[in-house]
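Sequential numbering from 1 applies to the sequence shown in full-length UniProt numbering. Each residue gets a CB set at the ideal place from its N, CA and C atoms; glycine is no exception.
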Amino acid sequence: KRYRATFDKAQIFQMERVFLLNHYPDVAARSELSRRTGLSESQVQVSYTIKGKIGD
Numbered sequence: 001k002r003y004r005a006t007f008d009k010a011q012i013f014q015m016e017r018v019f020l021l022n023h024y025p026d027v028a029a030r031s032e033l034s035r036r037t038g039l040s041e042s043q044v045q046v047s048y049t050i051k052g053k054i055g056d
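Structure (structure tokens):
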């Protein structure tokens, strides 16, 4: 069974900041965000998929 990742406030802040600039970050942007937040690239990608579906 998979666990559900929880994001801390700093990680959410970083992802929101990038999302405001680009709703569809490319691989390089996701990789950089992954490095800065300490999350895996797949966690970053899924968070953007969910954010895109939910909207602002």
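Would you check if the distance between the CB atom of residue i and the CB atom of residue j is smaller than 8 Å?
i, j, result
"Arg30", "Gln14", "no"
"Gln43", "Ala10", "no"
"Phe19", "Lys51", "yes"
So, helix, strand or coil for residue i, using DSSP?
i, result
"Ala28", "helix"
"Lys51", "helix"
Relative to the C-alpha of residue i, which residue among the options is closest?
i, options, result
"Val27", "Arg2, Tyr3, Tyr48 and Lys1", "Tyr48"
"Gly38", "Lys1, Tyr3, Arg2 and Ile12", "Ile12"
Could you tell me which uninterrupted alpha helix (DSSP H) segments, each at least 4 residues in length, are contained entirely in the UniProt DNA-binding region "Homeobox" (3-47), listed from first to last along the chain?
-> Entirely contained in the UniProt DNA-binding region "Homeobox" (3-47), the alpha helix (DSSP H) runs reaching 4 residues are, in chain order, 9-21 and 27-37.
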